[in-house]
Amino acid sequence: MLDLSLLVERVAPILVFLVAITLVAEICDLSGLFDVMAHHAARVAKGRVLVLWLLIVGLAVVCTVVLSLDTTAVLLTPVAITVARQVGAPPLPFAMTTLWLANTASLLLPVSNLTNLLALHPFAALGVGTLGYIKLMAVPAVVAIVATVAVLWLLHRRDLRSTYDTPPPAEPHDRVLMQVAGGVCVLLAPAFVVGVQPALASAPAALVLLAATYWRAPELLRRIKMPWLTVMGICILFLIIDAALRLGLEAWLRTIVGHGTGLGDLFRVSGLGVLTSNGINNLPAYLALEPTVADAPARLAALLIGVNAGPIVTMWGSVATLLWASRCRSAELAVDVGRIARTGALCAVTVVTAATLALAATT
2 MLDLSLLVER VAPILVFLVA ITLVAEICDL SGLFDVMAHH AARVAKGRVL
52 VLWLLIVGLA VVCTVVLSLD TTAVLLTPVA ITVARQVGAP PLPFAMTTLW
102 LANTASLLLP VSNLTNLLAL HPFAALGVGT LGYIKLMAVP AVVAIVATVA
152 VLWLLHRRDL RSTYDTPPPA EPHDRVLMQV AGGVCVLLAP AFVVGVQPAL
202 ASAPAALVLL AATYWRAPEL LRRIKMPWLT VMGICILFLI IDAALRLGLE
252 AWLRTIVGHG TGLGDLFRVS GLGVLTSNGI NNLPAYLALE PTVADAPARL
302 AALLIGVNAG PIVTMWGSVA TLLWASRCRS AELAVDVGRI ARTGALCAVT
352 VVTAATLALA ATT
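Here the working numbering is used: the first residue of the sequence shown is 2, the next is one more, and so on.
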């Protein structure tokens with residue numbers, strides 16, 4: 002029988018974090034923080050597209066790690082496309098950078114991806130806290146980022162060799178609100194690293210930014226987009242997957258996932274994570290596979306590698322990918338689904354393989 006109290010106990014903090022971090026990300030965007038940082042990167046690069054791209058890579062990694070993958074996909078993508086067009090660079094390499102790093106850079110902190118937050122529960126049952134999680138995932142996370150950047154460079158190196166004239170400055174923004182938003186982000190990062198509960202850190206941050214926005218630019222409050230459909234979808238998914246597991250899905254999956262923490266065992270888990278994420282979506286894929294790997298931290302980590310870094314082949318593999326595609330359409334950037342699938346498969350195989358090898362070597 003479904004235990005609603007346990008379900009609420011596990012899901013409620015995640016939903017509070019999701020709503021709060023969305024508020025933080027939206028206000029950071031509306032304040033002009035991302036816009037100004039991207040334009041500043043264009044000036045710092047001094048006319049070299051490769052340097053500008055590397056700076057956008059850094060911004061995408063930080064944005065994903067601290068503010069979650071959806072922030073990078075939704076808010077940084079249009080900024081990166083706009084800046085690329087303003088300097089006369091092909092926008093596709095910049096758009097692909099935000100798409101892939103939104104997924105592959107989401108391993109380092111629990112707050113980087115909802116799947117990581119979900120994994121904190123079984124990790125805690127195994128005696129692994131937030132700092133233990135970071136220690137376990139640090140090397141695979143860095144390897145995943147480096148591998149992603151390498152694949153991006155190999156695929157787009159010709160487009161990244163050009164130069165450009167100094168771009169125009171960013172549009173004027175409220176300086177005080179932007180500084181408050183930047184300060185909040187700077188404070189959030191160490192709070193997440195030292196193990197403050199994500200909901201307890203992000204909720205006060207959201208309240209501070211709401212108050213600052215009401216004080217400096219109250220008209221912006223009407224432009225904040227909240228993730229209510231995502232919240233409802235997560236609740237429904239939990240109920241569906243929980244029921245399916247109780248009706249026999251878990252027993253069947255255990256025969257497929259296997260057991261053990263050897264190299265082959267970890268590849269089996271991460272590979273299944275990639276396949277199921279691209280087949281359905283990474284969130285239900287994680288929820289369904291979690292009980293089969295919750296007996297060892299390394300197996301849980303391998304699953305996270307698969308469901309976080311792997312769903313970049315199909316457009317429905319992760320919510321971030323769907324949101325990215327929507328932002329590209331809004332920016333009138335043509336997206337070739339076939340090309341996304343081919344290059345995404347190359348990147349997913351490379352990144353998941355490298356990260357799984359790193360996990361096996363460090364556990």
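Built from N, CA and C at the ideal position, the CB exists for glycine as well.
Between L19 and the rest of its own chain, which residues show a CB-CB distance below 8 Å, the 5 nearest in sequence each way excluded?
Residue mapping note: residue 19 aligns to position 18 of the sequence shown, counting from 1. Here the set comprises L115, P228, T231, V232, I235.
Could you tell me the alpha carbon to alpha carbon distance between T130 and P173, rounded to whole angstroms?
Looking up residue 130 in the sequence shown gives position 129. Looking up residue 173 in the sequence shown gives position 172. Residue 130 is actually Gly in this sequence, not Thr. When rounded, the distance between both Cα atoms is 43 Å.
Less than 7 Å between the C-beta atoms of T105 and A145, yes or no?
In the sequence shown, residue 105 corresponds to position 104, counting from 1. In the sequence shown, residue 145 corresponds to position 144, counting from 1. For T105 and A145, yes; Cβs fall inside 7 Å.
If we ignore side chains and look at the alpha-carbon of each, how far apart do L264 and A96 end up?
As a first step, residue 264 must be located in the sequence shown, where it is residue number 263. As a first step, residue 96 must be located in the sequence shown, where it is residue number 95. Spanning the two alpha carbons is a distance of roughly 34 Å.
The alpha helix (DSSP H) enclosing E291, as first and last residue numbers:
Numbered from its first residue, the sequence shown carries residue 291 at position 290. Counting along the chain, the alpha helix (DSSP H) containing E291 begins and ends at 283 to 294.
Determine the direct distance from the alpha carbon of A148 to that of G48, and round the result to whole angstroms.
Taking the first residue of the sequence shown as 1, we reach residue 48 at position 47. Taking the first residue of the sequence shown as 1, we reach residue 148 at position 147. Distance between the alpha carbons of G48 and A148: 26 Å.
Ignore the nearest five residues each way along the sequence and tell me which others in I82's own chain have a CB closer than 7 Å to its CB.
Residue 82 sits at position 81 when you count from the first residue of the sequence shown. The residues are P92, F95, A96, A332, L334.
Shortest alpha-carbon distance to G33 belongs to which of S327, T65, T214, V143?
Here residue 33 corresponds to residue number 32 of the sequence shown, with the count starting at 1. Cα-wise, what sits closest to G33 is T214.
Give a yes or no on contact between the region 308 to 319 and the region 265 to 278, applying the rule of three or more CB pairs nearer than 8 Å.
The region 308 to 319 vs the region 265 to 278: in contact.
Local conformation of T364 per DSSP, three classes:
Residue mapping note: residue 364 aligns to position 363 of the sequence shown, counting from 1. Three-state result, T364: coil.
Beta carbon of L161 nearer than 7 Å to that of T98:
As a working mapping, residue 161 is identified with position 160 in the sequence shown. As a working mapping, residue 98 is identified with position 97 in the sequence shown. For L161 and T98, no; Cβs fall outside 7 Å.
Using the C-alpha atoms, what's the distance from V194 back to G261?
Counting from one through the sequence shown, the residue named residue 261 turns up at place 260. Counting from one through the sequence shown, the residue named residue 194 turns up at place 193. If I take the Cα positions, the gap works out to 29 Å.
Using a Cβ distance threshold of 8 Å, determine whether the region 10 to 26 contacts the region 192 to 210, with at least three qualifying pairs required.
yes
Minimum C-alpha distance to R1 - residue among L102, L119, V62, C29:
In the structure displayed, the chain extends from 2 to 364; residue 1 sits before or after that span and is not available.
On the DSSP bridge list, what partners appear for T164?
The residue given as residue 164 occupies position 163 in the sequence shown. Per DSSP, R49.
Contacting residues, own chain, Cβ-Cβ under 7 Å from R224 (five flanking each side not counted):
For the purposes of this step, residue 224 is identified with residue 223 of the sequence shown, where counting begins at 1. L31.
Give me the Cα-Cα distance between L305 and M316, rounded to the nearest whole angstrom.
Locating residue 305 in the sequence shown gives position 304, counting from the first residue. Locating residue 316 in the sequence shown gives position 315, counting from the first residue. Each residue's alpha carbon lies about 19 Å from the other.
Between A286 and the rest of its own chain, which residues show a CB-CB distance below 7 Å, the 5 nearest in sequence each way excluded?
Your numbering for residue 286 matches position 285 in the sequence shown. Non-local beta-carbon contacts of A286 in its own chain, meaning distances under 7 Å to residues more than five positions away in sequence, involve G274, T277, S278, V308 in chain order.
Straight-line CA distance for A204 to S113?
Looking up residue 204 in the sequence shown gives position 203. Looking up residue 113 in the sequence shown gives position 112. Straight-line Cα distance between these residues: approximately 16 Å.
For the alpha helix (DSSP H) containing M227, list its first residue and its last residue.
Taking the sequence shown and counting its residues from 1, the one referred to as residue 227 is at position 226. Element bounds for M227: n/a, residue is neither H nor E.
Inter-residue CB distance, A302 and L254 (contact presumed, cutoff 8 Å)
As a working note, residue 302 is residue 301 in the sequence shown. As a working note, residue 254 is residue 253 in the sequence shown. Between A302 and L254 a beta carbon distance of about 18 Å is seen, past the 8 Å cut, so the two are scored as non-contacting.
Give every residue of the same chain whose Cβ lies closer than 7 Å to the Cβ of V338, excluding the five residues on either side of it in the sequence, and list them in chain order.
Working through the sequence shown from its first residue, we reach residue 338 at position 337. Correct list, in chain order: M316.
Please state if the CB of A85 and the CB of T73 are separated by a distance shorter than 7 Å.
Stepping through the sequence shown from its first residue, residue 73 is reached at position 72. Stepping through the sequence shown from its first residue, residue 85 is reached at position 84. The beta carbons of T73 and A85 sit no closer together than 7 Å.
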